[in-house]
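**Q** This is the structure, below, for whatever I ask next.
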Amino acid sequence: EIERHEDGYFHVVAKEIERDCEVTGEIKDLMSRLGGLFERYIKHSPGLPYETMLSTVRISDPGRLAD
377 EIERHEDGYF HVVAKEIERD CEVTGEIKDL MSRLGGLFER YIKHSPGLPY ETMLSTVRIS
437 DPGRLAD
């Protein structure tokens, strides 16, 4: 929630959300496909380091991968 005050400043109220979810077979398949697509993207982007792809492919938490 963001409020703008008359003085020109903003006040933000942040709430932590629960990110725990069951990692089903479908989610694992989607994560695997995304990893493959990201690997192809890295190969076609010569300015990006290979280590970036490795660190992304190794992520096992769907929430972190989405971020």
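Residue numbering for the sequence shown follows this note's numbering, beginning at 377 and increasing consecutively.
All C-beta atoms, glycine included, are put in the ideal place defined by N, C-alpha and C.
Rounded to a whole number of angstroms, what is the C-alpha to C-alpha distance between K419 and D383?
**A** Taking the sequence shown and counting its residues from 1, one reaches residue 419 at position 43. Taking the sequence shown and counting its residues from 1, one reaches residue 383 at position 7. Spanning the two alpha carbons is a distance of roughly 49 angstroms.
**Q** Please go through the same chain and pick out, in chain order, the residues whose beta-carbon is closer than 8 angstroms to the beta-carbon of F386, but skip the five residues on each side of it.
**A** Position 10 of the sequence shown, counted from the first residue, corresponds to residue 386. Around F386: I378, E379, R380.
**Q** Would you report the Cα separation of L430 and L406, rounded to the nearest angstrom?
**A** Here residue 430 refers to the residue found at position 54 when the sequence shown is read from its first residue. Here residue 406 refers to the residue found at position 30 when the sequence shown is read from its first residue. Going from the Cα of L430 to the Cα of L406 covers about 17 angstroms.
**Q** Roughly how many angstroms lie between the CA atoms of L424 and S408, to the nearest whole one?
**A** What you label residue 424 is simply residue 48 of the sequence shown in a count that begins at 1. What you label residue 408 is simply residue 32 of the sequence shown in a count that begins at 1. Cα to Cα, the separation comes out at about 20 angstroms.
**Q** Using DSSP with H/G/I as helix, E/B as strand and the rest coil, what is E398?
**A** Here residue 398 is taken as the residue at index 22 of the sequence shown, counted from 1. In this structure, E398 counts as coil in the three-state DSSP scheme.
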